[in-house]
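Residue numbering for the sequence shown follows the working numbering, starting at 10 and increasing by one per position. For glycine and all other residues, C-beta sits at the position ideal for the given N, C-alpha and C. One structure below.
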Amino acid sequence: MLIEQVDPHGHVVLRHRFAAAGTECTVGRDLGCDIVVDDEHAAPRHALLVLQEDGRVNVRDLGTKNGTRVDGKRVPADTGAILERGEVIVGRTRLRIRTRHVPLGPERVFRRDFLTRHRTLLAVTGVAACMAFGAFLQWLDAPSSLPASVTKGALVAFGIIALWTAGWTLMAKLNRGSWNVRVHAAIGAIAAAFCAWGYWVAGLVAFAAQWSFLVRIGIAVVVSTAFVALYGHLREATHYGRRVSLALAGAVTLVIGVIVWVATIGVDESDVNRVALGPDVRLGARRVVPNRDTADYLTEVDALRLAAGRERQKSLLNAPLADAED
């Protein structure tokens, strides 16, 4: 039988192998036990594991107060429990047991995903795109010293990506023992570049086409990208499973979104140049004058000129000018 002591995250701390039928393994805090656990909720001699001739394991509780559990069920004090594989809980210590009766799956082929294979190219592309966006924003402001300002924007963008990557690589080192600098740089830089350029382009198209809903779509895309990036960081830097990583990524994204929203409201209300925009004004596409040839316009001009001459003659006959009487 193979007995593995695992921590709360499922990582193997110690591994023990026992062979031959009738072999006994005691578990407890006593130094005379075969497996010594540092658990104040375990008795000095807590449980006894006996390897039977058929290859299965008999788990017995040695009269403890907290008892011994197998796969969540308490072991009867008189008969014990028989298992081929499962998890034995002694106090708060988890022991995972496997015997020869447990079938083994086929060997899995080692395959690197797209991110791992192209992490260098993705990291360089993402960092370059972020630096280009920072320089682009400085160029839009049209400062007096353009080269210095563009360089400043690029360096600020590079510094933010560097700090973000450093934090996740440190977490990966503490949890998995490897830095994975290029992987986290690729995730953070690509996500940041996609959010920055995507939101700016969406705003530009919305302004040009007068489609305000594109701004909301851009915000939704930014939030989704941030969620995916956080999930990728958690999967690469921690031992959390998919469900825990999804929950943490969703919670962090929600918190960041609320903070940004509150900060945006505060900045807008304190900005003296803020203008409250009213409803969209659209001009109707109507033809006031139908399309006609130039000759038609000239004909009407001549007719108006003749009519104006007649009206002038009538007015002179009805009310002659003073000079004409003299």
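(request) Would you check if the distance between the CB atom of W188 and the CB atom of K182 is smaller than 8 Å? (result) Locating residue 188 in the sequence shown gives position 179, counting from the first residue. Locating residue 182 in the sequence shown gives position 173, counting from the first residue. Taking 8 Å as the Cβ cut-off, W188 and K182 qualify as a contacting pair.
(request) Could you give the DSSP three-state label for T35: helix, strand or coil? (result) Position 26 of the sequence shown, counting from 1, holds the residue named residue 35. The answer is strand: DSSP assigns T35 an E or B state.
(request) Would you kindly work out how many angstroms separate the C-alpha atoms of T11 and L255, rounded to a whole number? (result) Locating residue 11 in the sequence shown gives position 2, counting from the first residue. Locating residue 255 in the sequence shown gives position 246, counting from the first residue. This sequence places Leu at residue 11; Thr is not what is there. Answer to the nearest angstrom: the Cα atoms are 33 Å apart.
(request) Return the chain-ordered list of same chain residues with a C-beta closer than 6 Å to the C-beta of V22, the five sequence neighbours on each side being excluded. (result) Residue 22 sits at position 13 when you count from the first residue of the sequence shown. Annotation for V22: Q14, D16 place their beta carbon closer than 6 Å to its own, counting only its chain and skipping 5 residues before and after.
(request) Please determine if the segment 70-83 and the segment 92-101 are in contact, where contact requires at least 3 C-beta pairs separated by less than 8 Å. (result) Yes: at least three Cβ pairs fall under 8 Å.
(request) Kindly confirm or deny that the segment 219-235 and the segment 147-164 touch, where touching means at least three C-beta pairs closer than 8 Å. (result) no
(message) On the DSSP letters alone, give me the boundaries of the alpha helix (DSSP H) that A200 sits inside.
(response) As a working note, residue 200 is residue 191 in the sequence shown. Element bounds for A200: 190-218.
(message) Excluding the 5 residues flanking A333 on each side, which residues of the same chain have their C-beta closer than 7 Å to its C-beta?
(response) Numbered from 1 along the sequence shown, position 324 holds the residue referred to as residue 333. Its pLDDT being 49, under 50, A333 is placed unreliably in this model, and the coordinates cannot settle the point.
(request) Locate the alpha helix (DSSP H) running through R109, then write down its first and last residues. (result) The sequence position of residue 109 within the sequence shown is 100, counting from 1. Taken as a continuous stretch (DSSP letters only), R109 belongs to no alpha helix (DSSP H), as it is neither H nor E.
(request) Per DSSP, which residues does I98 bridge with? Please list them. (result) Here the question's residue 98 lines up with position 89 in the sequence shown. DSSP, once it has assigned bridges, lists R78, R103 as partnering I98.
(request) Leaving aside the five residues before and after D335 along the sequence, list all residues of the same chain whose C-beta is less than 6 Å from its C-beta, in chain order. (result) Counting from 1 along the sequence shown, the entry for residue 335 is found at position 326. Low confidence applies here, because D335 scores a pLDDT of 47, under 50, leaving its location unreliable; read the following figure in that light. Around D335: no qualifying Cβ.
(request) Please go through the segment 12-69 and give each complete beta strand (DSSP E) segment of 3 or more residues, from N-terminal end onward. (result) Every beta strand (DSSP E) stretch that sits fully inside the segment 12-69 and reaches 3 residues is listed by chain position as 21-26, 33-37, 56-60.
(request) Name, in chain order, the residues that DSSP records as bridge partners for R83. (result) For the purposes of this step, residue 83 is taken as residue 74 along the sequence shown, with counting starting at 1. When beta bridges are read from the DSSP output, R83 appears opposite R78.
(request) Could you check which residue in P53, F27, R24 has the C-alpha nearest to that of V36? (result) What you label residue 36 is simply residue 27 of the sequence shown in a count that begins at 1. Here the closest residue by C-alpha is P53.
(request) Name the residue from L131, L325, R109 whose alpha carbon lies nearest to the alpha carbon of I199. (result) For the purposes of this step, residue 199 is taken as the residue at position 190 of the sequence shown. Answer by Cα proximity: L131.
(message) Please state the DSSP three-state secondary structure of L113.
(response) Start at 1 with the first residue of the sequence shown, and residue 113 comes out as number 104. The DSSP-derived three-state label of L113 is coil.
(message) Please report whether the beta-carbon of L71 lies at a distance below 8 Å from any beta-carbon of chain D.
(response) No chain D appears in this structure, which consists of one protein chain only.
(message) Using only the alpha-carbon positions, how far apart do R26 and R121 sit?
(response) Sequence index remark: in the sequence shown, residue 26 carries index 17 (1-based). Sequence index remark: in the sequence shown, residue 121 carries index 112 (1-based). Roughly 32 Å between the two C-alpha positions.
(message) I need the straight-line Cα distance from R117 to A195, nearest angstrom please.
(response) By 1-based counting over the sequence shown, the position of residue 117 is 108. By 1-based counting over the sequence shown, the position of residue 195 is 186. Each residue's Cα considered, the two are about 26 Å apart.
(message) Between which two residues does the beta strand (DSSP E) holding L92 run?
(response) The residue given as residue 92 occupies position 83 in the sequence shown. From DSSP, the beta strand (DSSP E) with L92 extends over 90-92.
(request) Return the first residue and the last residue of the alpha helix (DSSP H) that V118 is part of. (result) Numbered from 1 along the sequence shown, position 109 holds the residue referred to as residue 118. Looking at the DSSP string, V118 is not in any alpha helix (DSSP H), and its letter there is neither H nor E.
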